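K.L.:
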Amino acid sequence: MQLSCRHCEERSDEAIHATASNSALDCFAALAMTVRRALYRAILLLVVLAAAGFVEIQNPLAAEVPRAVGLPKPGTYPLDHIQKVPFGIVLEGNRFPHLLSHYTKGAITLFSFFYSACADPNGCPLAFEAFEQVRAALLTRADLRSQVRFVFLSLDPIHDQPEKLRFFEKHYAQDGNPVPWHFLTTYSYLFLNPVIRDMGEDIAFDAEASVGGGFVLNHILKVYLIDREGFVREIYSNQSLDPETILGDIETLSIEAAKTQ
Amino acid sequence: MKNWARLALAAALITGGTAIATNPVLADETCLSPYTASLIKGQEAYLQVWTLGEPGLGDESDKLVTVSVDSKSPHYGKVVSSVSVGDRSEAHHFGFTDDRKYLWAGELDDSKIFVFDVGTDPAHPKLVNTLTDLPAKTGFAGPHTFYAIPGRMLIGALSNDKTGDGVTGFAIYNNKGEFLSAHPIPTDKGGDGYGYDIAINPKKNVFLTSSFTGKNNYLRDLGDLIKDSEAMKHFGNTVVLWNLKSFQPEQILSVPGAPLEIRWSLNENDDWAFVVSALTSKIWLIKHDDKGQWEAKEVGVVGDPSKIPLPVDLSISADSKRLWVNTFLDGTTHLFDISNPEKPVEIYSKVTGKQVNMISQSWDGKRVYITSSLLSNWDKKGADNEQVLRAYDWDGKELRQKFEVDFFAEKLGRPHHIKFSGEAQKASLDWPTHAAQR
Numbered sequence: 018m019q020l021s022c023r024h025c026e027e028r029s030d031e032a033i034h035a036t037a038s039n040s041a042l043d044c045f046a047a048l049a050m051t052v053r054r055a056l057y058r059a060i061l062l063l064v065v066l067a068a069a070g071f072v073e074i075q076n077p078l079a080a081e082v083p084r085a086v087g088l089p090k091p092g093t094y095p096l097d098h099i100q101k102v103p104f105g106i107v108l109e110g111n112r113f114p115h116l117l118s119h120y121t122k123g124a125i126t127l128f129s130f131f132y133s134a135c136a137d138p139n140g141c142p143l144a145f146e147a148f149e150q151v152r153a154a155l156l157t158r159a160d161l162r163s164q165v166r167f168v169f170l171s172l173d174p175i176h177d178q179p180e181k182l183r184f185f186e187k188h189y190a191q192d193g194n195p196v197p198w199h200f201l202t203t204y205s206y207l208f209l210n211p212v213i214r215d216m217g218e219d220i221a222f223d224a225e226a227s228v229g230g231g232f233v234l235n236h237i238l239k240v241y242l243i244d245r246e247g248f249v250r251e252i253y254s255n256q257s258l259d260p261e262t263i264l265g266d267i268e269t270l271s272i273e274a275a276k277t278q
Numbered sequence: 067m068k069n070w071a072r073l074a075l076a077a078a079l080i081t082g083g084t085a086i087a088t089n090p091v092l093a094d095e096t097c098l099s100p101y102t103a104s105l106i107k108g109q110e111a112y113l114q115v116w117t118l119g120e121p122g123l124g125d126e127s128d129k130l131v132t133v134s135v136d137s138k139s140p141h142y143g144k145v146v147s148s149v150s151v152g153d154r155s156e157a158h159h160f161g162f163t164d165d166r167k168y169l170w171a172g173e174l175d176d177s178k179i180f181v182f183d184v185g186t187d188p189a190h191p192k193l194v195n196t197l198t199d200l201p202a203k204t205g206f207a208g209p210h211t212f213y214a215i216p217g218r219m220l221i222g223a224l225s226n227d228k229t230g231d232g233v234t235g236f237a238i239y240n241n242k243g244e245f246l247s248a249h250p251i252p253t254d255k256g257g258d259g260y261g262y263d264i265a266i267n268p269k270k271n272v273f274l275t276s277s278f279t280g281k282n283n284y285l286r287d288l289g290d291l292i293k294d295s296e297a298m299k300h301f302g303n304t305v306v307l308w309n310l311k312s313f314q315p316e317q318i319l320s321v322p323g324a325p326l327e328i329r330w331s332l333n334e335n336d337d338w339a340f341v342v343s344a345l346t347s348k349i350w351l352i353k354h355d356d357k358g359q360w361e362a363k364e365v366g367v368v369g370d371p372s373k374i375p376l377p378v379d380l381s382i383s384a385d386s387k388r389l390w391v392n393t394f395l396d397g398t399t400h401l402f403d404i405s406n407p408e409k410p411v412e413i414y415s416k417v418t419g420k421q422v423n424m425i426s427q428s429w430d431g432k433r434v435y436i437t438s439s440l441l442s443n444w445d446k447k448g449a450d451n452e453q454v455l456r457a458y459d460w461d462g463k464e465l466r467q468k469f470e471v472d473f474f475a476e477k478l479g480r481p482h483h484i485k486f487s488g489e490a491q492k493a494s495l496d497w498p499t500h501a502a503q504r
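One line per chain: the protein sequences are U and E, in this order.
Numbers given in our numbering equal positions in the first sequence, counted from 1, plus 17.
Numbers given in our numbering equal positions in the second sequence, counted from 1, plus 66.
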C-alpha cells in the first residue's frame, strides 16, 4: 500500500527516504527529525541572540537544577570514601602532560566530565549551571573558597583541544580566580578511556542525534566531590545536583579535614 | 545570560559546530530508581528474569534468564539465553546500577550477590562478579533490594547472620563491588529493625524502607509457618523515613502486617507513596499531614483481607493514576484507579495464574508482565505450583495474554523478579576511530 503525508510531499531528504520505503512509521520518523532540527535551529538562534546581548534569558540549554530540602547541618554526617580517583595524564592549555592527580589532590575538588559541544539540557549545561551557582556561593565564603577547585575534563579530545579550552579557563581567570576552574582534556581516547571507565562514566557516540553536522556524545551526568587525598566522597546526578547540597558537602569535608589536622 | 550558552557558542564557532540532544522518549519500566540513566528508547526488547533453581530440573542452579519481547523478532516470547550461577540459594530480587549496564542479583539464603553485565549484549548477559562479603562486613543477611544511587548500590537486607530474625539494615557498595558502609534499621523509638524495600524521593531528600521478616520465616514452609503463632509475630510492622543525605532515620511510621513494595508517585509535584501490607492486605498512603509531618494512612484494601490473599508486588503507571497489585494466593492481578490517592478504587481484576507474584509494566502502560514464584518454600505445591512468565497487552479494559514461558517445561526453575532491557545501545569506548572519520 502506498502511504503518503504532507511532510513527504515537502520532499525533504528524510521524506524521500520515507516515501521510498513506503512506511508510515518512517514517514513519522522523518517528520520528527525535521521538527527536531527546527528545534535545534530555534534554540541555537536563541543562544546567538542571547550571546549578542539582544535578549535576556536564563540558560536556555540547562534544565533547572534541583533544590533539596531537609538537608542536615554540614559536619554532622559522614560521606563514604567511594573510590580513589584513578591515574591519568591530562592536558591544560597546551600539550604539556600533567598527572590527573595534580588536579584532584591537595584541595577539595568539584569534578565533572563535559564536552564543549554538549547541549543536552540535562547534561553539561546543567552541570555548568550548578558549578556556577556553587562558585557564586563560595565567593561569599571566605572560610571555604580558598580550599576548593573546580575541574572539567573533556569527553571529546578530538574537538576539545587544549587551546580551545583555554578560552573557557580565561573567562574565569578574569576575576582573580579565587576558585580556580580548570578545563582539561587528553591527548586522545587512549588516555581518556581508562579514566572514564574507572570513574563509572559511560559514553557513546549518538549517530542519529549527530545528523546534520553536530557531534553528540551520550553520557551520564555525574559530578564528583573529591577530598584532599583524592577520594571521591560524593557523586551527584541530574537528580541531586543541588548547589546547596554540594556546598554543605564541601563544608563537611572542610570540617572533617580540620578535625584530622 | 548564563555563561555556558555563551561559552559553548563561542567554542562551537571555533570548531564549527554544536549539537543539541533531546531527551529520549521514555519507554522503560516504571519502578526504577530515579537515578537510573540510559532509559530504554522505544519498546523493551528483552526481559531479564532472576530465577530460582529447582532440584531435579535442568542444572538445578539459580540463573538469569533472558526472554525476547520484541514482537518483530523471530525469538519473540522465547528464551534467548540463560546464565547459571552455579548454586541454588533462593534467588529473589535484582536491580540495575545507575548506568543501567549491570544487574546486581541477590540470593536470600547464602547472601551471595551476583553482578551481570547486561548493557554490553542484553540478549546474552554475562556474570562478571560475585560478592560474598555482605554478612562479614555488615552482619546482615538475605540481600533483597538493589537500588541504584550515583556510582553506588543500596542493598536492603531481610535478615542477619546471628539470630536469623528480621532485624537487619542496608549496605552501600560502590559500583566496583566494594563495601562502603552499613546502616542498621532502627530498633528504638518504635522501630522493629526489619527491612524489605527501599524507595527514594530525591526532591524531598528522603527515602523509605519497609519491613518483612527474617530467614527463620522466609526459608520455612509457608503452611507450617502460618500455623506457628509465635513465628507469625515476627513480621515487620513499620516503614522508616530516612534523610537521604545523612542516611539517618528521621521518622518511624506504624504500618502493621508486613509492608512490602513501596511506590512513590512519579508526578513531579506529588510527594506521596503507596505501600501495601502483605498480611493485612491493606493499602497505605504515605504523605505529609496538615502539620508537615509524614504520616502513613490506611486508604483501602486489596481483595478480601479476611482470606489473606497476600498482596505482593505493585506497579505504578507513569502518570501515577493506576496501580497494579498482584495477590499471590488467589493468583489475581488487580488494577486500582489511584487518581485520588486518598481513595484508591479497584477497577479491574483478572486471575492470571494459580499463583502470581511480580508484576512490571511498560512506560506507556500497554504491556504488563507477571511471574509466579514468591519463595521456594512459600510457592504452592503439586498441580498449583505452575511456574511461568506471562506477557499481556493492556488496552485500558482487558489484559490479553500475548505469550507464556513455562519455566518448568523449559527446565529453568521458578521465575521471580523481572527487569527490562533495550537493544544494546552502548558503543564501544573505542568507537572514536569512526567518529574521527566524520
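Don't be surprised by glycine CBs; every beta carbon is placed ideally from N, CA and C.
Everything numeric in this text was worked out from a predicted model, so none of it was measured.
Examine chain U for any beta-carbon lying closer than 9 angstroms to the beta-carbon of proline 216/E, and answer yes or no.
P.N.:
Yes - at least one Cβ of chain U is within 9 angstroms of the one on proline 216/E.
K.L.:
Can you check whether the CB of aspartate 396/E is closer than 9 angstroms to the CB of glutamate 327/E?
P.N.:
Not closer than 9 angstroms, so no.
K.L.:
Valine 151/U lies in the alpha helix (DSSP H); which residues open and close that run?
P.N.:
Segment 141-156, the alpha helix (DSSP H) holding valine 151/U.
K.L.:
Closer than 8 angstroms, Cβ to Cβ, to anything on chain U: give me those residues from the segment 126-145 of chain E, in chain order.
P.N.:
Flagged: no residues at all.
K.L.:
Of all the options Lys409/E, Leu220/E, Lys293/E, Asp287/E, which has the alpha carbon lying nearest to the alpha carbon of leucine 529/E?
P.N.:
For chain E, the structure presents residues 67 to 504; residue 529/E sits outside this window and is missing.
K.L.:
Counting only C-beta atoms, is valine 249/U closer than 9 angstroms to chain E at any point?
P.N.:
Yes, valine 249/U lies at the interface with chain E (some Cβ there is under 9 angstroms from its Cβ).
K.L.:
Check aspartate 177/U in the structure and name its three-state DSSP category.
P.N.:
In the structure shown, aspartate 177/U sits in coil (DSSP, three-state: anything other than H, G, I, E or B).
K.L.:
Spell out a yes or no on whether the segment 314-334 of chain E and the segment 96-116 of chain U are touching, meaning 3 or more CB-CB pairs, one atom from each, closer than 8 angstroms.
P.N.:
No, the segment 314-334 of chain E is not in contact with the segment 96-116 of chain U.
K.L.:
So what does DSSP say about methionine 298/E, is it helix, strand or coil?
P.N.:
Looking at methionine 298/E - three-state DSSP - the assignment turns out to be helix.
K.L.:
Could you spell out where the beta strand (DSSP E) holding glutamate 361/E opens and where it closes?
P.N.:
Residues 360-367.
K.L.:
In the DSSP assignment, what are the bridge partners of lysine 409/E?
P.N.:
Per DSSP, none; premise fails for lysine 409/E.
K.L.:
Could you tell me how far apart the beta carbons of serine 171/U and proline 216/E are, in whole angstroms, since I believe they sit closer than 8 angstroms?
P.N.:
So it is not a contact: roughly 21 angstroms between Cβ atoms.
K.L.:
Going by CA-CA distance only, name the one from Lys311/E, Lys485/E, Val131/E that's closest to valine 272/E.
P.N.:
Closest by alpha carbon: Lys311/E.
K.L.:
Can you tell me which of the three DSSP states lysine 468/E falls into?
P.N.:
Three-state result, lysine 468/E: strand.
K.L.:
Got a sec: which bits of the segment 236-247 of chain U sit with their beta carbon under 7 angstroms from any beta carbon on chain E, in order along the chain?
P.N.:
Residues Ile237, Lys239.
K.L.:
Mind reading off the beta-carbon distance from valine 341/E to proline 325/E? Whole number of angstroms is fine, and I expect it under 8 angstroms.
P.N.:
About 4 angstroms separates the two Cβ atoms, so the contact holds.
K.L.:
What distance in whole Å lies between the Cβ atoms of phenylalanine 206/E and glycine 235/E, which are believed to be in contact at a cut-off of 8 angstroms?
P.N.:
About 5 angstroms; that satisfies the 8 angstroms criterion.
K.L.:
If we define contact as Cβ-Cβ less than 9 angstroms, is valine 86/U a contact residue for chain E?
P.N.:
Yes, because at least one Cβ of chain E sits closer than 9 angstroms to the Cβ of valine 86/U.
K.L.:
Give the DSSP-derived three-state secondary structure of asparagine 210/U in the structure shown.
P.N.:
Residue state, collapsed to three classes: helix.
K.L.:
Let me know if leucine 127/U comes out buried or exposed under the rule of 16 or more other beta-carbons within 10 Å of its beta-carbon.
P.N.:
It is buried - the Cβ of leucine 127/U has at least 16 other Cβ atoms within 10 Å.
K.L.:
For arginine 166/E, count the other beta carbons within 10 Å of its own beta carbon; 16 or more makes it buried, fewer makes it exposed. Which is it?
P.N.:
Buried, by the Cβ-count rule.
K.L.:
Which same chain residues, not among the five before or five after isoleucine 263/U, have their C-beta less than 6 angstroms away from its C-beta?
P.N.:
Excluding sequence neighbours, isoleucine 263/U sits near Val151.
K.L.:
Per the DSSP calculation, tyrosine 213/E is bridged to which residue(s)?
P.N.:
Leu220/E, per the DSSP bridge assignment.
K.L.:
Suppose the cutoff is 7 angstroms on Cβ atoms and the five residues either side in sequence are ignored; what does the same chain contact list for serine 439/E look like?
P.N.:
Closer than 7 angstroms at the Cβ level, and outside the excluded window around serine 439/E, lie Leu118, Asn423, Asp445, Gln453, Arg480, Pro481, His482.
K.L.:
Since proline 197/U and phenylalanine 167/U should fall inside the 8 angstroms C-beta cutoff, what is the C-beta to C-beta distance between them, to a whole number of angstroms?
P.N.:
Correct: roughly 7 angstroms between the Cβ atoms.
K.L.:
Mind the definition here: the segment 219-233 of chain E touches the segment 106-121 of chain U only if three or more C-beta pairs lie below 8 angstroms; say whether that holds.
P.N.:
No: the two stretches stay apart, fewer than three of their Cβ pairs being nearer than 8 angstroms.
K.L.:
Does the CB of proline 95/U have a neighbour CB from chain E at under 9 angstroms?
P.N.:
Closer than 9 angstroms: yes.
K.L.:
Select from the segment 102-128 of chain U all residues with a C-beta closer than 8 angstroms to any C-beta belonging to chain E, and list them in chain order.
P.N.:
Under the 8 angstroms Cβ criterion, the segment 102-128 of chain U contributes no residue.
K.L.:
Buried or exposed for proline 195/U, going by 16 or more other Cβ atoms inside 10 Å?
P.N.:
Exposed.
K.L.:
Whole angstroms are fine: how far does the CA of alanine 274/U sit from the CA of glycine 92/U?
P.N.:
Answer to the nearest angstrom: the Cα atoms are 10 angstroms apart.
K.L.:
Leucine 291/E lies in the alpha helix (DSSP H); which residues open and close that run?
P.N.:
It spans 288-293 - the alpha helix (DSSP H) in which leucine 291/E sits, taken as one unbroken run.
K.L.:
Please decide whether tyrosine 253/U counts as near chain B, where near means a Cβ-Cβ distance under 9 angstroms.
P.N.:
The question asks about chain B, but that chain is absent: this structure's protein chains are U and E.
K.L.:
Give me the Cβ distance between glutamate 156/E and leucine 130/E, rounded to the nearest whole Å; I'm assuming they're in contact under 8 angstroms.
P.N.:
Glutamate 156/E to leucine 130/E, Cβ: 15 angstroms. No contact.
K.L.:
When DSSP labels each residue in this structure, what does asparagine 283/E get in the three-state scheme?
P.N.:
If DSSP states are grouped into helix, strand and coil, asparagine 283/E belongs with the helices.
K.L.:
Between asparagine 335/E and chain U, is there a C-beta pair that is closer than 9 angstroms?
P.N.:
With 9 angstroms as the cut-off, asparagine 335/E does not count as an interface residue toward chain U.
K.L.:
Counting contacts by CB-CB distance shorter than 9 angstroms, is isoleucine 272/U in contact with chain E?
P.N.:
Output row for isoleucine 272/U: interface = no.
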